[in-house]
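*Asks:* Heads up: the protein sequence lines correspond to chains P and H, in order. Residue 1 is where the first sequence starts when you use the working numbering, and the numbers rise one by one after that. Residue 1001 is where the second sequence starts when you use the working numbering, and the numbers rise one by one after that.
There are 2 protein chains.
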Amino acid sequence: MDSFTPTKRSTLKRLPGRGEYEREPVYQILDEGFVCHVGFVVEGQPFVIPTGYARAGDTLYIHGAQASRMLRTLREGVEVCLTVTLVDGMVMARSAFHHSINYRSVMVFGRAVSVEDGAEKWEALRALTEHLAPGRWAEVRQPTDGEVRATLVLALSLVEASAKIRTGPPVDDEEDYELPVWAGVVPLRMVADEPVDDPRLTPGIEQPPHVLNYTRGVRR
Amino acid sequence: MDSFTPTKRSTLKRLPGRGEYEREPVYQILDEGFVCHVGFVVEGQPFVIPTGYARAGDTLYIHGAQASRMLRTLREGVEVCLTVTLVDGMVMARSAFHHSINYRSVMVFGRAVSVEDGAEKWEALRALTEHLAPGRWAEVRQPTDGEVRATLVLALSLVEASAKIRTGPPVDDEEDYELPVWAGVVPLRMVADEPVDDPRLTPGIEQPPHVLNYTRGVRR
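1) With H, G and I counted as helix, E and B as strand and the rest as coil, what does DSSP make of T151(P)?
2) H1063(H) bridges to which residues according to DSSP?
3) Give the straight-line distance between the Cα atoms of K1221(H) and R1018(H), rounded to the nearest whole angstrom.
4) Which residues, taken in chain order from the region 198 to 214 of chain P, show a beta carbon closer than 8 Å to some beta carbon of chain H?
5) What's the C-alpha gap between D172(P) and V1186(H)?
6) Give a yes or no on whether 8 Å exceeds the smallest Cβ distance from R219(P) to chain H.
7) Just to check my reading of the structure: V26(P) and P50(P) have Cβ atoms closer than 8 Å, yes? What is that Cβ distance to the nearest angstrom?
8) So V1080(H) contacts chain P; which residues on that side make the cut at Cβ distance below 8 Å?
9) Taking Cβ-Cβ distances shorter than 9 Å, what residues in chain P pair up with Q1066(H)?
10) Could you confirm whether any beta carbon from chain H is found closer than 8 Å to the beta carbon of D88(P)?
11) Apart from the five residues on each side of it in sequence, which residues of its chain come closer than 7 Å, Cβ to Cβ, to E1123(H)?
12) Within the 8 Å Cβ cut-off, does H1131(H) reach chain P?
13) Round the Cβ separation of E1160(H) and F1047(H) to the nearest angstrom and send it over; I've been treating them as touching at under 8 Å.
14) By Cβ distance below 6 Å, which residues in the same chain neighbour Y53(P) in space, the five residues on each side in sequence not counted?
15) If contacts are defined as beta-carbon pairs under 8 Å, then L1152(H) and S1068(H) qualify, I think. What distance do you get, rounded to the angstrom?
16) Examine chain P for any beta-carbon lying closer than 8 Å to the beta-carbon of K1121(H), and answer yes or no.
17) Counting only Cβ pairs nearer than 7 Å, list the residues of chain H close to I222(P).
18) Are the C-beta of Y1177(H) and some C-beta of chain P separated by less than 8 Å?
19) With which residues is L1188(H) paired in a DSSP beta bridge?
20) Check for me: the beta strand (DSSP E) holding R1141(H) runs from which residue to which?
21) With DSSP as the reference, label N1102(H) as helix, strand or coil.
22) Quick check: is the beta carbon of S1105(H) nearer than 8 Å to any beta carbon in chain P?
23) Taking the alpha-carbon positions, what's the V1106(H) to V1084(H) distance?
24) Excluding the five sequence neighbours on either side, which residues of its own chain have a C-beta within less than 8 Å of the C-beta of S1162(H), listed in chain order?
25) With a threshold of 8 Å between beta carbons, is L1158(H) in contact with chain P?
26) According to DSSP, is L1201(H) helix, strand or coil?
27) Assuming G1039(H) contacts V1091(H) (C-beta within less than 8 Å), just tell me the rounded distance between them.
28) Using a Cβ-Cβ distance under 8 Å, would K1013(H) count as near chain P?
29) Under 9 Å Cβ-Cβ, which residues of chain H neighbour P4(P)?
30) Residues of chain H with CB closer than 7 Å to the CB of G39(P), please, in chain order.
31) Would you say P1180(H) and F97(P) are within 8 Å of each other, going by their C-beta atoms?
32) Counting contacts by CB-CB distance shorter than 8 Å, is P1025(H) in contact with chain P?
33) Taking the alpha carbon of P1203(H) as the point to measure from, which residue in P195(P), E178(P), P134(P) and D197(P) has its own alpha carbon closest?
34) Would E1139(H) count as contacting chain P if we go by Cβ distances under 8 Å?
35) Taking CB distances under 8 Å as the criterion, tell me whether G110(P) reaches chain H.
36) Could you check whether A192(P) and L1188(H) sit closer than 8 Å to each other, using their CB atoms as the reference points?
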């Protein structure tokens, strides 16, 4: 299936032209990002918690300590809204009213399940580490049985998802284009600075390729 | 009041050492960021929507079209959880288990109210534009009465808030420090590229100072 079937909750109500229900652009956004905001409800109270994630195929994984309140709540099968947002620029219009932000965001709806199968859990942990830096998993000490048990991994199937994208220059009212005001976009992106060695790093260990020239997503 | 009084929902349950209830660090995070994730509940279903915001004093403002489903829901006075997250780095440990992300996040709880007072609404719109780029408001065409009426501005009092901060190098198990694995932090930050002129920009209008060398927050 190459596209998501829009549902009531995943369909953009306003500005439907910014909506995207194809799998490929949704997955590109999910793969470029690495922090999501997980929304869930406890006794009527919404919580929005930032956490890392990784995609493997048509599944999103999040993880944490078995004691995590968020994960313990989610594993009960409550409704989740998981949102990933990448900010691409400040949109400066000639009028205050038409200022905006260029961004790409994905919302995923569904109910998470705890990953109990050992092989899937291992693959999820691998994906979560690799999503931070491809090549990392093979270089580090992999989890012990105790660490795997201490970790709660939740899976959210990518069945109900949509992206919302704003791109391009400002859109001003026609009569404002003649105003003597600069308008355009200030592009924004996340960059990595030089890796900082752990103060306790054993002398002689060099920075591996996967942390040098670290980048995410497509260069623009 | 220089600090927030922790409540049940704003108190960090795990890793309490990462919690921060002083106003100043919370406001620094809110002022460096400019996109928040707003969580609310509609008929039991959580939604998490990214949107711009600005702080003025002890109030956070968000805004949008009167037709916005999110804003129309929030103005009814439902419970909100508003989260701002700044990502500072990838934390690379010697073990997969201890990988982490350096970040600063703020969660605000409460109920939003619609700003109906004309002067406060004007100040909120000014703050929202200035928060994108200080100096912008004075240079652009300011809102007409019609635009002000078409805009819904909501205020969320900064009464119940907390920050969560992870910083510094990885923390490995003691016996792992002798492993021949590189460990450290890959610092991440958001940068602005050169401003891109609107294709319809009137020739001769130069890029103003507030978009040249655009930065957010404290330089590191």
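Every residue gets a Cβ at the ideal spot worked out from N, C-alpha and C, and that includes glycine.
*Replies:* Well, looking at it:
1) strand
2) V1153(H)
3) Chain H is shown only over 1001 to 1220; residue 1221(H) falls outside these bounds and no answer can be derived.
4) D198, P199, R200, L201, T202, I205, E206, Q207, P208, V211 and Y214
5) 40 Å
6) Here the model assigns R219(P) a pLDDT of 41, short of 50, so the residue's position is not dependable and the matter cannot be decided.
7) Actually they are not in contact, since the Cβ atoms of V26(P) and P50(P) sit about 20 Å apart, beyond 8 Å.
8) P46
9) Simply none; closest approach about 11 Å.
10) no
11) A1056
12) no
13) The Cβ separation is near 20 Å, so there is no contact.
14) C36, L60 and I62
15) 7 Å
16) no
17) Only positions 1 to 220 of chain P appear in this structure, which leaves residue 222(P) out of reach.
18) yes
19) A192(P)
20) It is not in any beta strand (DSSP E) - R1141(H) carries neither H nor E in the DSSP assignment.
21) strand
22) yes
23) 5 Å
24) F1004, P1006, S1010, T1011, L1012, G1019, E1020, Y1021, V1026, V1106 and M1107
25) no
26) coil
27) 26 Å between Cβ atoms; not a contact.
28) yes
29) Checking the displayed sequence, the identity of residue 4(P) turns out to be Phe instead of Pro. Near F4(P) there are no residues of chain H at all, since even the closest Cβ is about 17 Å away, more than 9 Å.
30) G1039, P1046, F1047 and V1048
31) no
32) no
33) E178(P)
34) yes
35) no
36) yes
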